[in-house]
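Visitor:
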Amino acid sequence: MRDAVRVSTLERKLTDAVTAEAVDDARAALLEEVDAADVGDYLGHQVDGLRVVTHLFACTRKGYRGWQWAVTLTRASRQRQVTVVEVVLLPGSDAIVAPPWVPYRERLRPGDLSPGDLLPVADDDPRLVPTYSFGDDPLDADEQAQVREVAKDLGLGRVRTLSPEGRDLAAQRWYDGDSGPDAPIAKSAPQQCYSCGFLVRLSGPLSALFGVCANGDANDDARVVSFDHGCGAHSEVRLTKRQQPVPPAPPVIDTVSVDDLDTF
């Protein structure tokens, strides 16, 4: 409430009566730039600074529903004549605009790769570190080539391995995703994965929190799950009497009535 009071008080101090009341001047400046058929009703004004006011008009141009014409006016000190600063078309709260631009590298999502696609990993990717490194200092191209040769000579197999940062990012992503405790299926599960006989334990630092589901009937089969995840396919799940299916009624043999049989 205090912030709102401060903002409104500041706006009142900055409001200039001459520029705020120059609606006709703003409309005239707008009509010099655009066709009159594209200009709708006056929507109000906003104070942008000392003796700087932007007047807003509805845009009636086809394809621009919710957009607004903005005409910014100002005036010099002790002058009654206003000056047009700019005339622009701006999107309003109901305008249809394009989604925010996302860099191409960040647009990739799990499942986007198709057979034959390649996704190179940068040499300085913080999620990876050299399997055999010379310390924490960054390596140049020649040193990286030496690392690859040393790794090959030592038979380490992998040139790079998961860094602590990459491991933490993966653990957080798994825990926050559909294999964590907040998944809807986990919240309604009778028991958690840590006590399930189908849980395959991992090794290394991730073994304290994650395992792999080996139940072919479960939704998470062959996926990493957190210990506090769960589902209805737990190895120790048992149905109560109320949950068990109703047994079928015994067959009834009719020995009284006569059935008519078709003859061939």
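In terms of our numbering, the sequence shown is numbered consecutively and its last residue is 823.
Where a beta carbon is used, it is the ideal one built from N, C-alpha and C, also for glycine.
Computed from a prediction, not measured in an experiment: that's the story for all the values here.
Classify Ala-596 as buried or exposed, calling it buried when 16 or more other Cβ atoms lie within 10 Å of its own Cβ.
Guide: Reading the sequence shown from its first residue, position 37 is the one you call residue 596. So Ala-596 ends up on the exposed side.
Visitor: Quick one: Cα of Tyr-753 to Cα of Asp-735, how far?
Guide: Taking the sequence shown and counting its residues from 1, the one referred to as residue 753 is at position 194. Taking the sequence shown and counting its residues from 1, the one referred to as residue 735 is at position 176. For Tyr-753 and Asp-735, the gap between their C-alpha atoms comes out near 17 Å.
Visitor: Could you tell me which whole beta strand (DSSP E) segments of length 3 or greater appear in the stretch 755-788?
Guide: 758-760, 769-772 and 783-785
Visitor: Tell me whether the beta-carbon of Val-796 lies closer than 9 Å to the beta-carbon of Pro-764.
Guide: Stepping through the sequence shown from its first residue, residue 796 is reached at position 237. Stepping through the sequence shown from its first residue, residue 764 is reached at position 205. It is not a contact, given that the beta carbons lie outside the stated cut-off.
Visitor: For the alpha helix (DSSP H) containing Tyr-734, list its first residue and its last residue.
Guide: Counting from one through the sequence shown, the residue named residue 734 turns up at place 175. Looking at the DSSP string, the run of the alpha helix (DSSP H) that includes Tyr-734 is 723-735.
Visitor: From Asp-727 to Ala-781, what does the alpha carbon distance come to, in whole angstroms?
Guide: Here residue 727 is taken as the residue at index 168 of the sequence shown, counted from 1. Here residue 781 is taken as the residue at index 222 of the sequence shown, counted from 1. Asp-727 and Ala-781: Cα-Cα distance of roughly 21 Å.
Visitor: Do Leu-761 and Gly-775 have their C-beta atoms within less than 9 Å of each other?
Guide: Residue numbering aside, residue 761 sits at position 202 when the sequence shown is read from its first letter. Residue numbering aside, residue 775 sits at position 216 when the sequence shown is read from its first letter. Not closer than 9 Å, so no.
Visitor: Rounded to a whole number of angstroms, what is the C-alpha to C-alpha distance between Ala-629 and Val-611?
Guide: On the sequence shown, residue 629 is found 70 positions in, with the first residue counted as 1. On the sequence shown, residue 611 is found 52 positions in, with the first residue counted as 1. Pairing Ala-629 with Val-611, the inter-Cα distance amounts to about 13 Å.
Visitor: Name the DSSP bridge partner or partners of Gly-603?
Guide: Indexing the sequence shown from 1 puts residue 603 at position 44. The partner list for Gly-603 (beta bridge, DSSP) reads Leu-615.
Visitor: So the candidates are Gln-705, Ala-729, Glu-724 and Gly-725; which of them puts its Cα closest to the Cα of Val-718?
Guide: As a position in the sequence shown, residue 718 is number 159, starting the count at 1. When the alpha-carbon of Val-718 is set against those of Gln-705, Ala-729, Glu-724 and Gly-725, the nearest one is in Gln-705.
Visitor: Can you tell me whether Val-577 is helix, strand or coil according to DSSP?
Guide: As a working mapping, residue 577 is identified with position 18 in the sequence shown. In the structure shown, Val-577 sits in a helix (DSSP, three-state: H, G or I).
Visitor: With distances taken Cα to Cα, identify the nearest neighbour of Ala-579 among Ser-738, Leu-615, Leu-678 and Leu-649.
Guide: As a position in the sequence shown, residue 579 is number 20, starting the count at 1. Nearest option by C-alpha distance: Leu-615.
Visitor: For Leu-589 versus Val-598, is the C-beta distance shorter than 9 Å?
Guide: Locating residue 589 in the sequence shown gives position 30, where the first residue counts as 1. Locating residue 598 in the sequence shown gives position 39, where the first residue counts as 1. Their beta carbons are under 9 Å apart, which means Leu-589 touches Val-598 by this criterion.
Visitor: Does the distance from the C-beta atom of Ala-792 to that of Ala-777 stay below 9 Å?
Guide: Position 233 of the sequence shown, counting from 1, holds the residue named residue 792. Position 218 of the sequence shown, counting from 1, holds the residue named residue 777. Yes, these two residues count as a Cβ contact at 9 Å.
Visitor: Under the three-state reduction of DSSP, which class applies to Pro-743: helix, strand or coil?
Guide: The residue given as residue 743 occupies position 184 in the sequence shown. The answer is helix: DSSP assigns Pro-743 an H, G or I state.
Visitor: Less than 9 Å between the beta carbons of Gly-625 and Ile-655, yes or no?
Guide: Walking along the sequence shown from the start, residue 625 turns up at place 66. Walking along the sequence shown from the start, residue 655 turns up at place 96. A contact, by the Cβ cut-off of 9 Å.
Visitor: Could you give the distance in angstroms between the alpha-carbon of Gln-751 and the alpha-carbon of Thr-799?
Guide: For the purposes of this step, residue 751 is identified with residue 192 of the sequence shown, where counting begins at 1. For the purposes of this step, residue 799 is identified with residue 240 of the sequence shown, where counting begins at 1. C-alpha separation (whole angstroms): 18 Å.
Visitor: Quick one, which of Ser-747, Glu-592 and Trp-660 has its alpha-carbon nearest Glu-645's?
Guide: Working through the sequence shown from its first residue, we reach residue 645 at position 86. Of the listed residues, the one whose Cα sits closest to Glu-645 is Glu-592.
Visitor: By Cβ distance, which residues of its chain are closer than 6 Å to Thr-633, with the 5 residues on each side in sequence left out?
Guide: The residue labelled residue 633 in the question sits at position 74 within the sequence shown. Answer for Thr-633: Arg-610, Val-611, Thr-642 and Val-644, listed in chain order.
Visitor: Just the Cα atoms here: how many angstroms apart are Val-817 and Ala-808?
Guide: Your numbering for residue 817 matches position 258 in the sequence shown. Your numbering for residue 808 matches position 249 in the sequence shown. Distance between the alpha carbons of Val-817 and Ala-808: 23 Å.
Visitor: Just how far apart, CA to CA, sit Ser-673 and Thr-613?
Guide: Stepping through the sequence shown from its first residue, residue 673 is reached at position 114. Stepping through the sequence shown from its first residue, residue 613 is reached at position 54. Approximately 50 Å between the Cα atoms of the pair.
Visitor: Suppose you measure from the CA of Pro-679 to the CA of Arg-664; what does that come to, to the nearest Å?
Guide: Stepping through the sequence shown from its first residue, residue 679 is reached at position 120. Stepping through the sequence shown from its first residue, residue 664 is reached at position 105. If I take the Cα positions, the gap works out to 11 Å.
Visitor: Our contact map puts Val-759 next to Ala-773 with C-beta atoms below 8 Å; I'd like the distance itself, whole angstroms only.
Guide: Walking along the sequence shown from the start, residue 759 turns up at place 200. Walking along the sequence shown from the start, residue 773 turns up at place 214. Val-759 to Ala-773, Cβ: 5 Å. Contact.
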